[in-house]
Amino acid sequence: MNNYIKLQNNLTELNLINIKTNLDKYLNLINTGEKSVIDALYELSELEIKAKEKRAMNACVKVANFPFLKGIEDFDFDFQPGINKQEILDLKSLRFVENNENILFVGTPGVGKTHLAVSIGIECAKHRYSTYFIHFQDLMSQLKKALKENRLETR
Numbered sequence: 493m494n495n496y497i498k499l500q501n502n503l504t505e506l507n508l509i510n511i512k513t514n515l516d517k518y519l520n521l522i523n524t525g526e527k528s529v530i531d532a533l534y535e536l537s538e539l540e541i542k543a544k545e546k547r548a549m550n551a552c553v554k555v556a557n558f559p560f561l562k563g564i565e566d567f568d569f570d571f572q573p574g575i576n577k578q579e580i581l582d583l584k585s586l587r588f589v590e591n592n593e594n595i596l597f598v599g600t601p602g603v604g605k606t607h608l609a610v611s612i613g614i615e616c617a618k619h620r621y622s623t624y625f626i627h628f629q630d631l632m633s634q635l636k637k638a639l640k641e642n643r644l645e646t647r
């Protein structure tokens, strides 16, 4: 078994899939003199880091239990002119998280509370904050059950 095949096997064993996928391309760039070995290794490592960050972000979003995936950019502010667009966009900055502040959306059904909560929750998950979506009614039901059974489930 030659070293190239051993390297491919090692990359698989180490779960460095992006490096393995792009290895031939970068070896060709090295062989043609278009990239130095150091530049190629650096770029391959950057590809792997970005892919791992994306997988971690996607895992955070998946665990968060969102009922759908929509961003703030999908929200129709024209349909709800009473909502202050700048305030909502400021929430996307997650400054409220850094300041240890809570937010609460209150209003009649159909005005976009869930959409906004989900979109801000997705932003939190993308930044690797622990996030969990739950409807208020479900939360209250779980808390009442926990009080009755004298135990609280963790998530």
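If you count the sequence shown from 1, position 93 lands on 585 in my numbering, and the numbers rise without skipping. Here a beta-carbon is modelled for each residue, glycine too, at the ideal position from N, C-alpha and C. Predicted model only: the values in this text are computed from it and were never measured.
By Cβ distance below 7 Å, which residues in the same chain neighbour residue i in space, the five residues on each side in sequence not counted?
| i | result |
| --- | --- |
| residue 615 | 584, 586 |
| residue 603 | 572 |
Quick one: residues in its chain with C-beta nearer than 6 Å to the C-beta of residue i, no 5 flanking neighbours on either side, listed in chain order?
| i | result |
| --- | --- |
| residue 510 | 539, 540, 543 |
| residue 641 | none |
Going by DSSP, what residue range makes up the alpha helix (DSSP H) through residue i?
| i | result |
| --- | --- |
| residue 508 | From DSSP, residue 508 is part of no alpha helix (DSSP H); its letter is neither H nor E. |
| residue 612 | 605-618 |
| residue 582 | 577-584 |
| residue 554 | 529-555 |
Is it the case that the Cβ atoms of residue i and residue j are separated by a distance below 7 Å?
| i | j | result |
| --- | --- | --- |
| residue 638 | residue 644 | yes |
| residue 571 | residue 577 | no |
| residue 548 | residue 623 | no |
| residue 625 | residue 558 | yes |
| residue 610 | residue 562 | yes |
| residue 605 | residue 613 | no |
| residue 518 | residue 536 | yes |
| residue 521 | residue 527 | yes |
| residue 567 | residue 607 | yes |
Hey, residue i and residue j are a contact pair by Cβ (cut 8 Å); roughly how many whole angstroms apart?
| i | j | result |
| --- | --- | --- |
| residue 580 | residue 564 | 6 Å |
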